[in-house]
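Heads up: the sequence lines are chains A and B, in that order. Note that the first sequence ends on residue 466 in our numbering; no numbers are left out. Note that the second sequence ends on residue 1354 in our numbering; no numbers are left out. Think of the CB as a built atom: it goes at the ideal place given N, C-alpha and C, for glycine as much as any other residue. Working notes, structure below.
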Amino acid sequence: MAKTKLEEINRNIYDIKNKDEYDFKIKKGLTKEIIEEISKQKNDPDWMREFRLKALDVYNKLELPTWGPDISELNMDEIATYVRPKTGLSNSWEDVPEDIKSTFDKLGIPEAEKRSLAGVGAQYDSEVVYHSMKEDLIKQGVVYTDMETAVREYPDLVRDHFMKCVPVNDHKFVALHGAVWSGGSFVYVPKGVKVDIPLQSYFRLNSPESGQFEHTLIIVDEGASLHFIEGCSAPKYNKVNLHAGCVELYVKDNAYLRYSTIENWSKNMLNLNTKKAIVGKNAQVDWVTGSFGSKISMLYPMSILNGEGAKTEYTGISFAGKGQNLDNGFKVVHNAENTSSLVNAKSISKNGGKCTYRSLVRINEKAKNSKSSVSCESLMLDDISISDTIPVNDIRTDEVEFSHEAKIGKISDKTIFYLMSRGLSEEDAKAMIVRGFAYPISKELPVEYAVEMNNLINLELDGAIG
Amino acid sequence: MELLKLNETPVRTSRNFNINNIKLENISIPQEINNFNNMQVYGDESKVIIDNQNTKLNLTYGLGDFFTNQVSNNANKKIKIVIDKKVNKEIEIDFKFDKENNDLIDNIEIVAEEQAKGTVIIKYVTDKNIQAFHNGVIRLLAKKNSKVNIIVANLMNELSNNFMSIENKFEDESKVNYTIVDFGGKNSITNYFSDLEGELSDNKLSTIYLGKDNQLFDLNYIGELRGKKSNIDIEVQGALKDNAKKHFKGTIDFKKGCKKATGNENEDCMLLSDTAKSLALPMLLCSEEDVEGNHSSSAGKVGEKELFYIMSRGFELKEAMKLMVRAKFNKILDNIKNEDLKNEILDSIDKILD
């Protein structure tokens, strides 16, 4: 897969706040009237309006999770679930209002588009403000657009797939998403089309006391391939913001999809996101995830290997600092013969941060001759942080090869001593070890994201060790 | 009896994973507990005190209030074993369930005095075709510098129900090797908790389980490391045939202050049929930086190459399988120095695999 190059990104840009200006902001709370108003504002077709209302019913019936981080501070009465920015959708950056464009400029999105991306979508608060894709992909029949356009222009395709992979009763925040979703990206790659250069969607939440609920629906048809990159950030506010997005990936027979994410939400964000892929015969989905931001994160991408010979890989790192509780992991269900999964998860905790790796590997009765290998490593950088590993391994047939291993520990004194004997300061030695620890993940990212991740690690480590 | 929910994990995960606890239906719980008379004590009998006083138990974990309260209030065997420096023989207590003695509620307390060394074997066996009920608690206090081997052998039949709670407290430099042989019970539910608060305290827990038919094993093992340089090693080896099912929940919890502590957990399940099921949750919880924790877990069928090799030496498939299972269990069985017990366990393995 082609890799791209970009300038290094400075951390400070994530925290730039624009004035909270909008075209429309729904009142805070979550009621039937509010859902109907969102639906009206978005000019939903009838089926979508009904879907939203049904999802609200499900939301009201479901309980909060009885496990994981404490999210009791979330009060939906204090969250505005829809904020329409003061601009429509453009396919030219020149048409995007200056302050919004300036934010994305600083995040390096237009520059990346010029240099190394086949298409870009940029969402600001609840709506996509920019979407564009290279001409040759359009000619090949690739569709890359915002979800609202997809609902209007590809109604059958959307209706057949929307919230079928992630059903609305999956959990409470999926139901919430179903009720208030807005924005996001729709991608369809036709049979046999190889998209060699990545597509990228960037999600920016600027408005305080609000939520972002973008929906990403990707269909990679038989024999096609795609690399999709997702980035997200927000400036920090004093009160909680909520992100409850939903990603549905359909990877048809013999297709390939790589889904890369660098998540750098602000540290007042509750990131309760849901991502799931259904993988067909001899198809493969790879997840690459870097999780740095958020106050609380509960995110467990899931691969459902339904086709014979389907594969999945998960490569992820979480870095929790002061006040952060990152409860991340991966789920895979093997439903067919000769399927395989490979998981490589790492986490770093420092300054009182908490990282939890939570996972499920389920190999069902039909999945004869399947293989699964899971490795997770946790690094503790001080004695006030917490690191937990909570993996569930559910093996329901004998013709399998399954292994899981995990390690927890601190940076080895011997290694630090060795590096210091080669002339490095203790701080530099530790930073080098942490970067080395993260390297197996960063090497899987496009170059500009690897650079961003290293910068984030440096910033996170600054003053934390030594 | 309605649905029983027991053996909760110390930390919950998603309810959809079906592992936070075990739910059992239609378990026949004896309402009236008669005396249990078929108990034999071997070895240093003077160190075994039979007591008739009820003891209010306050377990940190245990299987749940119902089972703990039953032992607190209705135990029909209350035993205290004191291991002091004078103990010179291993102590063995055998409980044999038969028609007249088919319900056992036992409350066993073991105290290993400072500097003491000793071995205690507790064995549960059943006559054929009886439906026995066992609910027991074994508590161990390992005082400073004591070194103790405890062997618990559940060789009950697969019609019975076995419920077991084990709690261990470790003082400085105490060392406990715990070996659990878990073969019996239609349902065999065990909660094991070690509180390693002593500096340099050390717990090695080795378990073998072997299931057939519709047996269910639910093993919930918890090691909390509090003492500096404390250590726990959990080694679990098992094999399942027919429709047998195992839930293994292993938690190593590094508490703040347990500097230089280490913990290792290894669980390996051999699946001998395509309908046997293995569910595992090997947890590492860590609030202390200067520690080393590892866990590994694996599951799969018997290696074809190894089977082929053994069969090429003239063994039939069934015999080859037995050899493989025995080989897998041998390292743990070597902890058992009592040859009679070891042979009894080997016989059980053969019978289960026949």
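Practice problem: Note the first and the last residue of the continuous beta strand (DSSP E) segment covering B:D1094. | Solution: As a first step, residue 1094 of chain B is located in the second sequence; it is residue number 94 there, counting from the start. Unbroken beta strand (DSSP E) run through B:D1094: I1091 to F1097.
| Which term fits B:L1003, buried or exposed, when burial requires 16 or more other beta carbons within 10 angstroms of its beta carbon? | Stepping through the second sequence from its first residue, residue 1003 of chain B is reached at position 3. Looking at its Cβ environment, which holds fewer than 16 other Cβ atoms inside 10 Å, B:L1003 is exposed.
query = Which runs of the beta strand (DSSP E) spanning at least 3 residues fall entirely within the region 199-259 of chain A, listed in chain order?
reply = Given a length threshold of 3 residues, each whole run of the beta strand (DSSP E) inside the region 199-259 of chain A is given here in chain order: 199-204, 215-220, 225-233, 241-243 and 246-251.
Item to complete: For B:E1288, go through chain A and note every residue whose CB falls closer than 7 angstroms to its CB, in chain order.
Response: The sequence position of residue 1288 of chain B within the second sequence is 288, counting from 1. Ordered by position in chain A, the residues that pass the 7 angstroms Cβ test against B:E1288 are D383.
DSSP bridge partner residues for A:R358 (one or two, in chain order):
Walking along the first sequence from the start, residue 358 of chain A turns up at place 358. Per DSSP, A:G329 and A:I390.
#### Entry: Residue of A:I229, A:H215 and A:L257 minimising C-alpha distance to A:G223
Looking up residue 223 of chain A in the first sequence gives position 223. The option with the nearest alpha carbon to A:G223 is A:L257.
(request) Can you say whether A:W181 is buried or exposed, counting buried as having 16 or more other CB atoms within 10 angstroms of its CB? (result) Here the question's residue 181 of chain A lines up with position 181 in the first sequence. Under this definition A:W181 is a buried residue.
Below 8 angstroms on the Cβ atoms is my contact criterion, and I expect A:A283 with A:N254 to pass it. Report the Cβ-Cβ distance as a whole number of Å. Position 283 of the first sequence, counted from the start, is the residue given in the question as residue 283 of chain A. Position 254 of the first sequence, counted from the start, is the residue given in the question as residue 254 of chain A. A:A283 to A:N254, Cβ: 6 angstroms. Contact.
> In three-state terms, what does DSSP make of B:T1262?
Replying inline: By 1-based counting over the second sequence, the position of residue 1262 of chain B is 262. Under the three-state reduction of DSSP, B:T1262 is assigned to strand.
Subject >> Selection from B:K1128, B:I1033, B:K1086 and B:F1017 that minimises the alpha carbon distance to B:G1043 >> reply: The residue given as residue 1043 of chain B occupies position 43 in the second sequence. It is B:K1086 whose Cα lies nearest to the Cα of B:G1043.
- Quick one: does A:T397 have its CB under 8 angstroms from some CB of chain B? Here the question's residue 397 of chain A lines up with position 397 in the first sequence. Closer than 8 angstroms to some Cβ of chain B, the Cβ of A:T397 qualifies, so yes.
Outcome for A:F228 when other beta-carbon atoms lying within 10 angstroms are tallied against a minimum of 16: Here the question's residue 228 of chain A lines up with position 228 in the first sequence. Answer is buried; the Cβ neighbour count reaches 16.
Cβ contact (3+ pairs, closer than 8 angstroms) linking the region 119-138 of chain A and the region 188-205 of chain A:
Counting Cβ pairs under 8 angstroms, three or more are found: they touch.
Check: Which word fits B:A1327, buried or exposed, when buried means at least 16 other C-beta atoms lie within 10 angstroms of its C-beta?
Finding: Locating residue 1327 of chain B in the second sequence gives position 327, where the first residue counts as 1. With a threshold of 16 other beta carbon atoms within 10 Å, B:A1327 falls short and is exposed.
Give me the Cβ distance between A:E377 and A:K414, rounded to the nearest whole Å; I'm assuming they're in contact under 8 angstroms. For the purposes of this step, residue 377 of chain A is taken as the residue at position 377 of the first sequence. For the purposes of this step, residue 414 of chain A is taken as the residue at position 414 of the first sequence. Not a contact, Cβ separation roughly 17 angstroms.
Legend entry - Continuous beta strand (DSSP E) stretch holding A:S294: start and end: If you number the first sequence from 1, residue 294 of chain A lands on position 294. It is not in any beta strand (DSSP E) - A:S294 carries neither H nor E in the DSSP assignment.
Item checked: Beta carbon of B:G1223 nearer than 8 angstroms to that of B:D1202 -> One-based indexing of the second sequence puts residue 1223 of chain B at position 223. One-based indexing of the second sequence puts residue 1202 of chain B at position 202. Inclusion of B:G1223 and B:D1202 in the CB contact set at 8 angstroms is not warranted, their separation being larger than that value.
* Asked: The alpha helix (DSSP H) spanning A:T31 covers which residue range?
  -> One-based indexing of the first sequence puts residue 31 of chain A at position 31. Careful: A:T31 lies outside any alpha helix (DSSP H) and carries neither H nor E.
### Heavy atom of the ligand ATP within 7 angstroms of B:N1018 beta-carbon
The model depicted lacks the ligand ATP and carries no ligand whatsoever.
Inset, instruction - Take A:N43 as the anchor and find which of A:N325, A:G183 and A:V58 has the nearest alpha-carbon. - result: Working through the first sequence from its first residue, we reach residue 43 of chain A at position 43. Of the listed residues, the one whose Cα sits closest to A:N43 is A:G183.
Three-pair Cβ contact test at 8 angstroms for the region 1316-1331 of chain B versus the region 1052-1068 of chain B: The region 1316-1331 of chain B is not in contact with the region 1052-1068 of chain B.
What three-state label does DSSP hand B:E1171 in the structure shown?
Taking the first residue of the second sequence as 1, we reach residue 1171 of chain B at position 171. Residue state, collapsed to three classes: coil.
Practice prompt. Over the uninterrupted alpha helix (DSSP H) stretch that includes B:I1345, give me the two end residues.
Written response: Numbered from 1 along the second sequence, position 345 holds the residue referred to as residue 1345 of chain B. Where B:I1345 is concerned, the enclosing alpha helix (DSSP H) starts and stops at E1339 to L1353.
Requested in this report: Would you mind stating whether B:I1122 and B:I1138 have Cβ atoms separated by less than 8 angstroms?
Outcome: The sequence position of residue 1122 of chain B within the second sequence is 122, counting from 1. The sequence position of residue 1138 of chain B within the second sequence is 138, counting from 1. Yes; because the gap between Cβ atoms is below 8 angstroms, this pair is in contact.
- Using a Cβ-Cβ distance under 8 angstroms, would B:I1232 count as near chain A? In the second sequence, residue 1232 of chain B corresponds to position 232, counting from 1. Among the residues facing chain A, B:I1232 is not included, as its CB has no counterpart in that chain under 8 angstroms away.
According to DSSP, is A:K470 helix, strand or coil?
Because chain A in this structure spans residues 1 to 466, residue 470 of chain A falls outside the shown range and cannot be described.
Along the beta strand (DSSP E) that carries B:P1282, what are the first and last residues, could you check? Taking the first residue of the second sequence as 1, we reach residue 1282 of chain B at position 282. Segment K1277 to C1286, the beta strand (DSSP E) holding B:P1282.
Open item on the list: Taking the beta carbon of A:K40 as the centre, do at least 16 other beta carbons fall within 10 Å, making it buried, or is it exposed?
Closed with: Within the first sequence, residue 40 of chain A is the residue found at index 40, counting from 1. Exposed, since its Cβ has fewer than 16 Cβ neighbours within 10 Å.
Legend entry - Between the CA atoms of A:Y82 and A:T103 - distance to the nearest angstrom: The count along the first sequence starts at 1 and reaches residue 103 of chain A at position 103. The count along the first sequence starts at 1 and reaches residue 82 of chain A at position 82. Cα-Cα distance, rounded: 20 angstroms.
Quick check on DSSP: helix, strand or coil for A:T4?
For the purposes of this step, residue 4 of chain A is identified with residue 4 of the first sequence, where counting begins at 1. At A:T4 the pLDDT is 35, less than 50, meaning the model places this residue with poor confidence; the figure from the coordinates comes in the next sentence. Coil.
Other residues of its chain near A:V143: CB distance less than 6 angstroms, five sequence neighbours each side excluded: As a working mapping, residue 143 of chain A is identified with position 143 in the first sequence. Closer than 6 angstroms at the Cβ level, and outside the excluded window around A:V143, lie Y188.
State buried or exposed for A:D146, treating a residue as buried only when at least 16 other CB atoms are found within 10 Å of its CB. Residue mapping note: residue 146 of chain A aligns to position 146 of the first sequence, counting from 1. The residue is buried, with at least 16 neighbouring Cβ atoms inside 10 Å.
message = If we require 4 or more residues per run, which alpha helix (DSSP H) segments fall completely within the region 1063-1127 of chain B?
response = Within the region 1063-1127 of chain B, the complete alpha helix (DSSP H) runs of at least 4 residues are 1065-1074.
- Message: In this structure, how does DSSP classify A:A310 when only helix, strand and coil are distinguished?
- Response: Your numbering for residue 310 of chain A matches position 310 in the first sequence. Coil at A:A310, not helix or strand.
How many angstroms separate the CA atom of A:L30 from the CA atom of A:E37? Numbered from its first residue, the first sequence carries residue 30 of chain A at position 30. Numbered from its first residue, the first sequence carries residue 37 of chain A at position 37. Spanning the two alpha carbons is a distance of roughly 11 angstroms.
With DSSP collapsed to three states, give me the class of A:S102. Taking the first residue of the first sequence as 1, we reach residue 102 of chain A at position 102. In the three-state reduction of the DSSP assignment, A:S102 falls in the helix class.
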